[in-house]
Amino acid sequence: MNRYESAKALYQAEGIATEKALATLREIPISVHCWQGDDVIGFDGADSLSGGIQTTGNYLGRARTPDELLADIEKAFSLMPGKKRLNVHACYAFLGEDKGKVDRDAYTYKHF
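This is how it looks when you write it as structure tokens:
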């Protein structure tokens, strides 16, 4: 018997259906904030002196471009079961040719 089967038997003795609980959990999206990939620096102020709250530090391997951040997010999501939801802040807009030409209050879905 593996650990899950052992735990399942213990929970079942208490009237808890673990398979049903896991099926329910698969339907609840896991929210992930994009700032976890680059320490709240974003792309519109990546050259500024401050990096927001700097929760993780200016670590080696931090995403520096939208492509790097997307690759990191894809990798993280591939390791997480179930549905996912991504929270994206305005400083992560993929402005491309619009950089410096569009104010944040004028961003649209195409900038993300």
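Oh and the sequence shown: position 58 is 186 in this note's numbering, straight run, nothing missing.
Using N, Cα and C, we set each Cβ at its ideal position, and we do this for glycine too.
- For HIS217, the three-state secondary structure derived from DSSP is coil.
- Taking the Cα of GLY189 as reference, the smallest distance to any Cα among SER206, ALA218, LEU207 and ASP166 is reached at ASP166.
- Counting only the Cα atoms, SER134 lies some 37 Å from ALA199.
- DSSP places LYS212 in the strand class (E or B) of the three-state scheme.
- Under the 10 Å beta carbon count, TYR237 is surrounded by fewer than 16 other beta carbons and is classified as exposed.
- For the set PHE171, GLU147 and SER206, the Cα lying nearest the Cα of PHE240 is the one of PHE171.
- In the structure shown, ILE201 falls within a helical segment according to DSSP collapsed to helix, strand and coil.
- Short of 8 Å from the beta carbon of CYS162, and not among the five residues preceding or following it, lie these beta carbons of its own chain, in chain order: LEU197, ILE201, LEU214, ASN215, VAL216, HIS217 and TYR220.
- The beta carbons of GLY210 and ILE156 sit about 7 Å from each other, so the pair counts as a contact at 8 Å.
- Residue burial is scored here from C-beta neighbours: ALA191 has at least 16 other C-beta atoms within 10 angstroms and is therefore classed as buried.
- Rounded to whole angstroms, the Cβ separation of LYS212 and ILE158 is 5 Å, and the two are in contact under 8 Å.
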